[in-house]
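Enquirer:
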Amino acid sequence: DRDYYLDMKNPKFAEVRAKYLTHIAAMLKLAGLDNVEARAKGIFDLETKLAETHWTRVQSRQIDKLYNPVQVADLASAYPGLDWTAMTTAIGVQGQKELIIAMPSAIAGTAKLIASEPLATWKDYLAFHLLKEAAPLLPKAFVEENFAFNGKVLSGQPEMQPRWKRGVDLTTGALGEALGKLYVAKYFPPEAKGQADLLVKNIIAAMDQRLANLTWMDPKTKAEAKAKLAKFTPKIGYPSKWRDYSKLEIRSGDAFGNALRATEFEFQRNLAKIGKPIDRSEWGMTPMT
Numbered sequence: 685d686r687d688y689y690l691d692m693k694n695p696k697f698a699e700v701r702a703k704y705l706t707h708i709a710a711m712l713k714l715a716g717l718d719n720v721e722a723r724a725k726g727i728f729d730l731e732t733k734l735a736e737t738h739w740t741r742v743q744s745r746q747i748d749k750l751y752n753p754v755q756v757a758d759l760a761s762a763y764p765g766l767d768w769t770a771m772t773t774a775i776g777v778q779g780q781k782e783l784i785i786a787m788p789s790a791i792a793g794t795a796k797l798i799a800s801e802p803l804a805t806w807k808d809y810l811a812f813h814l815l816k817e818a819a820p821l822l823p824k825a826f827v828e829e830n831f832a833f834n835g836k837v838l839s840g841q842p843e844m845q846p847r848w849k850r851g852v853d854l855t856t857g858a859l860g861e862a863l864g865k866l867y868v869a870k871y872f873p874p875e876a877k878g879q880a881d882l883l884v885k886n887i888i889a890a891m892d893q894r895l896a897n898l899t900w901m902d903p904k905t906k907a908e909a910k911a912k913l914a915k916f917t918p919k920i921g922y923p924s925k926w927r928d929y930s931k932l933e934i935r936s937g938d939a940f941g942n943a944l945r946a947t948e949f950e951f952q953r954n955l956a957k958i959g960k961p962i963d964r965s966e967w968g969m970t971p972m973t
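If you read the sequence shown in the numbering used here, its first letter stands for residue 685, the second for the next number, and so on.
(1) State whether the stretch 823-834 contacts the stretch 699-713, with contact taken as three or more CB pairs (one from each stretch) at a distance under 8 angstroms.
(2) What are the start and end residues of the beta strand (DSSP E) that includes E782?
(3) Is the stretch 953-961 touching the stretch 894-912 in the sense that three or more CB pairs, one from each, lie closer than 8 angstroms?
(4) Does the count of Cβ pairs from the stretch 842-855 and the stretch 734-754 closer than 8 angstroms reach three?
(5) Quick one: any contact between the stretch 741-756 and the stretch 797-812, if contact means 3 or more CB pairs under 8 angstroms?
(6) Since I believe I791 is in contact with Y751 (beta carbons under 8 angstroms), could you give me their beta-carbon distance rounded to a whole number of angstroms?
(7) Mark P695 as exposed unless 16 or more other C-beta atoms lie within 10 angstroms of its C-beta, in which case mark it buried.
(8) Give a yes or no on whether the C-beta atoms belonging to P923 and E843 are separated by under 8 angstroms.
(9) What residue from N834, G864, L766 and S800 has the CA that sits closest to M969's CA?
(10) Can you check which of these residues, Y689, V884, P846 and L822, is closest to F940 by C-alpha distance?
(11) Take P802 as the anchor and find which of D938, Q893, A858 and L730 has the nearest alpha-carbon.
(12) For the alpha helix (DSSP H) that contains P753, what are its first and last residues?
(13) Touch check for the stretch 874-890 and the stretch 913-929: three-plus C-beta pairs under 8 angstroms?
(14) CB A760 to CB W768, shorter than 8 angstroms?
(15) Starting from the Cα of P947, find the closest Cα among G835, G857 and G716 and give me that residue.
(16) Closer than 6 angstroms by C-beta to G793: which residues in its own chain qualify, once you throw out the five before and the five after it? Chain order, please.
(17) Of the residues K725, L717, A715 and L714, which one's Cα is nearest the Cα of K1025?
(18) The alpha helix (DSSP H) spanning N897 covers which residue range?
(19) If you run the structure through DSSP and keep just helix, strand and coil, what is F916?
(20) Does DSSP put A941 in a helix, in a strand, or in coil?
(21) Considering Cα atoms alone, identify which of K749, A795 and M787 is closest to M771.
(22) Between which residues of its own chain and K925 is the CB-CB distance below 7 angstroms, once the five residues before and five after are set aside?
(23) Return the residue from the list G937, K931 and S936 that minimises the CA-CA distance to F951.
(24) Using only alpha-carbon positions, find the residue among P820, L866 and A869 that is nearest to P846.
(25) Would you mind stating whether L859 and Y929 have Cβ atoms separated by less than 8 angstroms?
(26) Answer with buried or exposed for P971, where buried requires no fewer than 16 other C-beta atoms within 10 angstroms of its C-beta.
(27) Let me know if V868 comes out buried or exposed under the rule of 16 or more other beta-carbons within 10 Å of its beta-carbon.
Shown next as structure tokens:
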């Protein structure tokens, strides 16, 4: 959050800033880099400048302000300083006619900083954030340093979860519905789902009947309410069709590679939705959840 960088009155934030600088240097040192204190300061200063371009939390809650469609052909002129062709091609959205810019000040501000800040600082910044994202999957020293700051300092978590729980969370994040299928087979048999489905079906039917009998709604509003109810998609226990993970390669003994491939798999799965009708049968959580 930008306040951690920019709020100079809050003593808690001042404490976190000092510990964050130490943490950045420690991560760089673990990665075998030199001159880590100076490089950590460069990264921190760059992040502070980035924070200045971001909106406050209050501004970010104004949902209508986050919708800023821009024609892809106009990106370079609307937000100069970024190689939009290289970026959209790398992401895989070069064929889209329009993109949504959620926070214009941050995009424009970042572009200006790319021009004004040293390339070496940007490389250090990207190296640190790669380490930060990968830390839970790296050797023990990275795991512990990452938790010492992000777990204890930022989140107030007194101790790390056991390794087996972290493994379960990682696997659930990557293969949630594959695990869900096994979970359902053991804990939620078809007869239990049938009972739950019938219960919800009856509730919807009762609601439809109540709408028909309401005296305070006019006929037009009733019709719209009944149409809305008819579009309701019940989701009980588990999805009607399971996600296909056949294209996701899992290799024994390669936790980091597996996580990388799982992230790419999920990214491509979401990318494939663009321009297609919304799949209302899709689940946003696992059956275990």
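Beta carbons: idealized from backbone N, C-alpha and C, even for Gly.
Expert: With the structure as the only source:
(1) Touching, yes.
(2) Position 98 of the sequence shown, counted from the first residue, corresponds to residue 782. Where E782 is concerned, the enclosing beta strand (DSSP E) starts and stops at E782 to I784.
(3) Segments in contact, no.
(4) Contact between the stretch 842-855 and the stretch 734-754 is absent, with fewer than three C-beta pairs closer than 8 angstroms.
(5) Counting C-beta pairs closer than 8 angstroms gives fewer than three between the stretch 741-756 and the stretch 797-812, which falls short of the contact rule.
(6) For this step, residue 751 is matched to residue 67 along the sequence shown. For this step, residue 791 is matched to residue 107 along the sequence shown. Actually they are not in contact, since the Cβ atoms of Y751 and I791 sit about 14 angstroms apart, beyond 8 angstroms.
(7) Sequence index remark: in the sequence shown, residue 695 carries index 11 (1-based). By the neighbour-count rule (16 or more Cβ atoms within 10 Å), P695 is not buried but exposed.
(8) Residue 923 sits at position 239 when you count from the first residue of the sequence shown. Residue 843 sits at position 159 when you count from the first residue of the sequence shown. One thing to note: P923 has its Cβ no nearer than 8 angstroms to the Cβ of E843.
(9) Within the sequence shown, residue 969 is the residue found at index 285, counting from 1. Per the Cα distances, G864.
(10) Counting from 1 along the sequence shown, the entry for residue 940 is found at position 256. Of the candidates Y689, V884, P846 and L822, the residue whose Cα lies closest to the Cα of F940 is L822.
(11) Residue numbering aside, residue 802 sits at position 118 when the sequence shown is read from its first letter. Closest option to P802, Cα to Cα, is L730.
(12) Translated into positions along the sequence shown, residue 753 becomes position 69. No alpha helix (DSSP H) holds P753; the beta strand (DSSP E) holding it covers P753 to Q755.
(13) Yes, since at least three Cβ pairs between the stretch 874-890 and the stretch 913-929 fall closer than 8 angstroms, the two stretches touch.
(14) For the purposes of this step, residue 760 is identified with residue 76 of the sequence shown, where counting begins at 1. For the purposes of this step, residue 768 is identified with residue 84 of the sequence shown, where counting begins at 1. Against a cut-off of 8 angstroms, the Cβ pair of W768 and A760 comes out as a contact.
(15) Along the sequence shown, one-based indexing puts residue 947 at 263. The amino acid occupying residue 947 in the given sequence is Thr; Pro does not appear at that position. Answer by Cα proximity: G857.
(16) In the sequence shown, residue 793 corresponds to position 109, counting from 1. Excluding the 5 residues flanking it on each side, G793 has same chain C-beta neighbours closer than 6 angstroms at T737, in chain order.
(17) The first residue shown for the chain is 685 and the last is 973, placing residue 1025 beyond what the model contains.
(18) Along the sequence shown, read from residue 1 onward, the residue named residue 897 stands at position 213. Counting along the chain, the alpha helix (DSSP H) containing N897 begins and ends at P874 to N897.
(19) Against the sequence shown, residue 916 aligns to sequence position 232. In the displayed model, F916 falls within coil according to three-state DSSP, outside both helix and strand.
(20) As a working mapping, residue 941 is identified with position 257 in the sequence shown. In the sequence under discussion, the amino acid at residue 941 is Gly, which differs from the Ala named in the question. Helix.
(21) Stepping through the sequence shown from its first residue, residue 771 is reached at position 87. If you compare the alpha carbons of K749, A795 and M787 with that of M771, the shortest gap goes to A795.
(22) Position 241 of the sequence shown, counted from the start, is the residue given in the question as residue 925. Closer than 7 angstroms at the Cβ level, and outside the excluded window around K925, lie S965.
(23) In the sequence shown, residue 951 corresponds to position 267, counting from 1. Ranking the options by Cα distance to F951, first place goes to K931.
(24) Here residue 846 is taken as the residue at index 162 of the sequence shown, counted from 1. With distances taken between Cα atoms, P846 lies closest to P820.
(25) By one-based count along the sequence shown, residue 859 stands at place 175. By one-based count along the sequence shown, residue 929 stands at place 245. Their beta carbons are under 8 angstroms apart, which means L859 touches Y929 by this criterion.
(26) Here residue 971 refers to the residue found at position 287 of the sequence shown. Per the 10 Å Cβ criterion, buried.
(27) The count along the sequence shown starts at 1 and reaches residue 868 at position 184. With 16 or more other Cβ atoms inside 10 Å of its own Cβ, V868 counts as buried.
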